[in-house]
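Beneath this line is the structure, given in structure tokens, with notes to follow.
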Amino acid sequence: DAKTTQPPSMDCAEGRAANLPCNHSTISGNEYVYWYRQIHSQGPQYIIHGLKNNETNEMASLIITEDRKSSTLILPHATLRDTAVYYCIVRKPGSARQLTFGSGTQLTVLP
Amino acid sequence: KAGVTQTPRYLIKTRGQQVTLSCSPISGHRSVSWYQQTPGQGLQFLFEYFSETQRNKGNFPGRFSGRQFSNSRSEMNVSTLELGDSALYLCASSLASGRDTGELFFGEGSRLTVL
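If you read the protein sequences in the order shown, they are chains U and A.
If you read the first sequence in the working numbering, its first letter stands for residue 78, the second for the next number, and so on.
If you read the second sequence in the working numbering, its first letter stands for residue 196, the second for the next number, and so on.
Pasting the structure below:
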């Protein structure tokens with residue numbers, strides 16, 4: 078599975094867009110990009126996933142570059158409740174359940 | 196639609212004891228996976244069950260075991276507890292049908308403390 082690289086921490090002002098980058102330069106053609114987040118002491122929460130097209134749901138947008146070597150998770154209007162560790166994972170759907178999280182990005186939304 | 200339910204949420208055991216944790220997946224989800232999360236090791240995959248069969252297993256000793264019932268509910272058991280087994284144990288369910296694209300839905304976890 079492709080390795081991902083994320084910045085360890087980011088701050089964002091409440092109400093502004095939070096843009097969380099992820100590098101996955103060794104991604105292969107059939108691997109998806111998944112994003113999860115984990116609020117302290119709670120279970121991880123699925124956010125969004127994509128293969129090569131940009132995706133949007135009620136929580137976030139996922140922008141994947143044309144070469145698929147990096148992606149950006151966008152929270153359009155961050156709130157204090159979005160403060161969490163965000164994890165970017167690259168997996169084939171068939172092995173997506175054999176999940177491990179790296180260190181992720183600690184996003185802190187500031188009032 | 197109810198989410199993934201894990202019980203108990205918190206428990207304290209002593210070394211050498213055993214523990215059983217329970218997980219009820221989202222209705223209609225057929226796959227249940229278990230994970231161990233610790234501050235030092237992060238999230239680690241334990242095993243996955245589908246249709247009452249273990250489909251994949253992570254790199255954990257045989258003291259860690261699990262099973263899945265016909266209603267997709269799952270249990271995991273840890274025998275001969277060690278101090279290092281103190282962790283948040285997470286269960287996740289997924290559709291695992293032909294339309295499944297791999298997203299997982301997690302419970303709140305069972306926090307185990309071994310004294």
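We treat Cβ as the ideally placed atom computed from N, Cα and C, and that holds for glycine.
Inset, instruction - Starting from lysine 252/A, follow the beta strand (DSSP E) in both directions and report where the run begins and ends. - result: Here residue 252/A corresponds to residue number 57 of the second sequence, with the count starting at 1. 248-252 is the span of the beta strand (DSSP E), which, as asked, contains lysine 252/A.
**Prompt:** Comparing the C-beta of proline 170/U with each C-beta of chain A, is any distance below 9 Å?
**Reply:** If you number the first sequence from 1, residue 170/U lands on position 93. Taking Cβ atoms only, chain A reaches closer than 9 Å to proline 170/U, which makes this a yes.
Integer-rounded CB distance, given that leucine 283/A should sit under 8 Å from arginine 210/A | Here residue 210/A corresponds to residue number 15 of the second sequence, with the count starting at 1. Here residue 283/A corresponds to residue number 88 of the second sequence, with the count starting at 1. In fact, because the Cβ distance is near 19 Å, the residues do not count as touching under 8 Å.
(Q) Tell me which residues share the same chain as threonine 308/A and place their Cβ nearer than 6 Å to its Cβ, disregarding the 5 neighbours each side in the sequence. (A) By 1-based counting over the second sequence, the position of residue 308/A is 113. Ile207 and Ser281, listed in sequence order.
For the structure I just gave you, are there three or more beta carbon pairs, one from the region 91-103 of chain U and one from the region 140-156 of chain U, closer than 8 Å? yes
Quiz prompt | At least 3 beta-carbon pairs within less than 8 Å: the region 124-141 of chain U vs the region 245-261 of chain A | solution = no
Measuring CB to CB, does valine 199/A end up less than 9 Å from phenylalanine 301/A?
Within the second sequence, the letter at position 4 stands for residue 199/A. Within the second sequence, the letter at position 106 stands for residue 301/A. Cβ distance < 9 Å, so valine 199/A and phenylalanine 301/A count as in contact.
* To do: Since I believe glycine 297/A is in contact with tyrosine 163/U (beta carbons under 8 Å), could you give me their beta-carbon distance rounded to a whole number of angstroms?
  => Translated into the one-based positions of the first sequence, residue 163/U becomes position 86. Translated into the one-based positions of the second sequence, residue 297/A becomes position 102. The pair is not a contact, with the Cβ atoms about 18 Å apart (cut-off 8 Å).
**Asked** When Cβ atoms are compared, which residues of the region 266-279 of chain A fall closer than 8 Å to chain U?
**Response** none
Could you have a look at glycine 171/U and say whether DSSP puts it in helix, strand or coil? Looking up residue 171/U in the first sequence gives position 94. Correct three-state label for glycine 171/U: helix.
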